[in-house]
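In order, the protein sequence lines correspond to chains A and B. Quick note on numbering: the first sequence equals residues 1 to 212 in full-length UniProt numbering. Quick note on numbering: the second sequence equals residues 1 to 212 in full-length UniProt numbering. All C-beta atoms, glycine included, are put in the ideal place defined by N, C-alpha and C. Nothing here was measured: the structure is a model prediction, and the numbers come from that model.
There are 2 protein chains.
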Amino acid sequence: MNATSKRDRILDAAEALFAARGFDGVTLRQIATAANVDVALANYHFGKKLALFEAVFKRRATELNEARLLALREACAEAAPAAPSVEAIVEAFLRPLEMAQETGDEGWANYLTLIAYINNSAYWGSRMMSELFDELVGEFIAALKFALPHSSDEAIYWCFQNLSGALTLTFARTGRIDKLSGGLCKSTDLRMACDHMIPFVVAGFERVCNSR
Amino acid sequence: MNATSKRDRILDAAEALFAARGFDGVTLRQIATAANVDVALANYHFGKKLALFEAVFKRRATELNEARLLALREACAEAAPAAPSVEAIVEAFLRPLEMAQETGDEGWANYLTLIAYINNSAYWGSRMMSELFDELVGEFIAALKFALPHSSDEAIYWCFQNLSGALTLTFARTGRIDKLSGGLCKSTDLRMACDHMIPFVVAGFERVCNSR
DNA sequence: TTGCGTCTTCAACAGTTGTTGAATACGATG
DNA sequence: CATCGTATTCAACAACTGTTGAAGACGCAA
């Protein structure tokens, strides 16, 4: 019924389940059942449970990073030799995520939820995010420093943390905003979230990073 | 060596461990060991593991909510009959958290990290946050609508989500900003985080919620 | 066919999990 | 003292965990 290989089915099932319940909240048997596969097969392809977790996390990282980096380079090139606007930088950071969603691929949505889980986790956060995303984030921070030359570095890092937090909670798709708004806002609607997040974040950067 | 009751020691240990590793990442035996207590005692006082988890989560909720609500009421009273400023509302939401930290009580810091874990979790998020915090959040949203009369409700909810996300990631204390900034910013410094978060968030609200 | 490397299944392992019920200690009340 | 309710410990349960090694199935080359 499913055309993909068993190896990919394991990755997909693990992606969905790890995103929903976290590393410790999921058993290999649950993953195997969801993937319609024998328990031992996960071990054959990926080794230990932790290695499977990392494989899921790494699978889509490079594709995502490349799309973001490309968008940033374009924004910088358009504005050169001047600095790009903060808005252009933030757009480059966020818009590629919508494309990921617009493919209609539920896997991408699960992946973003997994990122939210890891990035917000006291245990996994610094352990796993740095390796795959710090280089990219460094480029964005450099661009922001260029766009906000009067700002202290400290202010830029804190503002970026605010951006990262807003994004992370949106990725998590907890459904809380759906309840709070009485159904007016849907936490699965990444496009609407970004449409409101971008001007919000840009205004924050401009106010905090221009006054010192 | 510890003057507190065993029941409280269990709560404290569970708070710290659940915050660090999540519900499924912690065993009752780890909690019992950390609290220097027998395994079965947790079951005697709290029943099932899930009930202990909820007890930890509820323990400090009312105190936190009351402090926030008091701050909001004061801000509203000062401005009455006009609406309070967005800044005053956001301050009322965030400043009580610093007081929690300034007591030097490590338990409060752990509790806030636990909130971050729950609020950002796809599984626990809407399940547990609503019951304890929705009433309070409703009051803050009402105040924000009053302070931003030209805004659509939709915009206010999305902006509040951004605020909530920024706050959540800061609570999580993942140490990632420490690495990114090369030690310039410390994720344990809640006061510095709030000092940058408040103007950031206020600027976001004002821009997004005044243009429609 | 035979062989061979890769993929997949099966059965089982030792260790750990949450949870329980009986037994024991404690501390106040009578 | 004895009594009683609460608090705590002890030992053990059945269920489930990640992981493993051997056995089987598959596809392809010779």
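request  = Measure the CB-CB distance between G175(B) and S211(A) and report whether it falls below 7 Å.
outcome  = no
query = Among the residues of its own chain, which have a CB less than 7 Å from the CB of I31(A), if the five just before and after it don't count?
reply = I10, A13, A14, L17, A42
Whole-number beta carbon distance between T168(B) and L169(A), since they are thought to touch under 8 Å = 6 Å
query = Who are the near neighbours of E139(B) in its chain, counting only those whose CB is closer than 8 Å to its CB and skipping five residues on each side?
reply = L69, L72
Same chain, Cβ closer than 7 Å to C159(B), five either side skipped, listed in chain order = G204, F205, V208, C209
Nonlocal neighbours in the same chain, by C-beta distance under 7 Å from A147(B), ignoring five residues either side = A83, P84, S85, V86, I89
Contact belief for E91(A) with I198(A) at Cβ below 8 Å, rounded distance in angstroms = 6 Å
key: Neighbour-count burial assignment, P149(A), 16 or more Cβ in a 10 Å radius   = exposed
request  = Check whether the Cβ atoms of A166(A) and A166(B) sit closer than 7 Å, and answer yes or no.
outcome  = yes
task = Starting from the C-beta of F171(B), find all residues in its chain whose C-beta is less than 7 Å away, skip the five residues before and the five after it, and write them out in chain order.
result = L112, T113, I115, A116
request  = Step through the CB atoms of chain B and report whether any lies within less than 7 Å of the CB of M129(A).
outcome  = yes
message = Taking the beta carbon of V26(B) as the centre, do at least 16 other beta carbons fall within 10 Å, making it buried, or is it exposed?
response = buried
request  = Can you tell me which of Q161(A), G22(A), V137(A), K6(A) puts its alpha carbon nearest to the alpha carbon of S121(A)?
outcome  = G22(A)
ask   = Under 8 Å Cβ-Cβ, which residues of chain A neighbour N120(B)?
value = A116, Y117, N120, T168, L169, A172, T174
query = Buried or exposed: M1(B), going by 16 or more other Cβ atoms within 10 Å of its Cβ?
reply = Any reading at M1(B) must be qualified, since the residue scores a pLDDT of 36, below 50, and its modelled position is unreliable; the value itself is stated next. With fewer than 16 other Cβ atoms within 10 Å, it is exposed.
message = Give me the subset of the region 135–159 of chain B whose CB atoms are less than 8 Å from a CB atom of chain A, sorted by chain position.
response = V137, G138, I141, D153, E154, A155, Y157, W158, C159
key: Interface residues of chain A facing Y123(B) [CB-CB closer than 8 Å]   = A20, R21, G22, G25
key: Of the listed residues G107(B), E63(B), D8(B), H45(B), nearest to A20(B) (C-alpha basis)   = G107(B)
message = Output needed for residue 220(B): all residues of its chain with C-beta closer than 8 Å, excluding positions within five of it in sequence on either side, in chain order.
response = Outside the shown range of chain B (1 to 212) lies residue 220(B), about which nothing can therefore be said.
ask   = Measuring CA to CA, which of S151(B), G183(B), V202(B), I177(B) is closest to S164(B)?
value = V202(B)
Beta-carbon proximity check, T132(A) vs A51(A), cutoff 7 Å = Residue 132(A) is actually Leu in this sequence, not Thr. No, these two residues do not count as a Cβ contact at 7 Å.
task = Just the chain B side, please: which residues come within less than 7 Å of M197(A) by C-beta, in chain order?
result = N162
key: Spatial distance of L94(B) from L184(A) (CA atoms)   = 25 Å
inquiry  = Which same chain residues end up closer than 6 Å to A100(B) when comparing Cβ atoms and leaving out the 5 residues on each side of it in sequence?
reply    = W108
task = Could you pull out every residue in the same chain whose Cβ sits closer than 7 Å to the Cβ of R29(B), ignoring the five residues on either side in sequence?
result = V39
task = Could you tell me whether any Cβ in chain A is nearer than 7 Å to the Cβ of T62(B)?
result = no
request  = Mind reading off the beta-carbon distance from F200(B) to N162(A)? Whole number of angstroms is fine, and I expect it under 8 Å.
outcome  = 5 Å
inquiry  = As a quick exercise: from A77(B), K6(B), A155(B), pick the residue whose alpha carbon is nearest that of T33(B).
reply    = K6(B)
request  = Flag A203(A) as yes if its beta-carbon sits less than 7 Å from any beta-carbon of chain B, otherwise no.
outcome  = yes
task = Tell me whether Y157(B) is buried or exposed, calling it buried when 16 or more other Cβ atoms sit within 10 Å of its Cβ.
result = buried
Own chain, CB closer than 7 Å to K186(B), minus 5 neighbours either side, in chain order = D178
ask   = Where does the unbroken alpha helix (DSSP H) through W158(B) begin, and where does it stop?
value = 153–172
ask   = Thinking C-beta only, is L136(B) closer than 7 Å to N65(B)?
value = yes
task = Check the Cβ of L184(B) against every Cβ in chain A and list those closer than 7 Å, keeping chain order.
result = D153, E154, Y157
task = Measure the C-alpha to C-alpha separation of D8(B) and M129(A) and round it to an integer number of angstroms.
result = 35 Å
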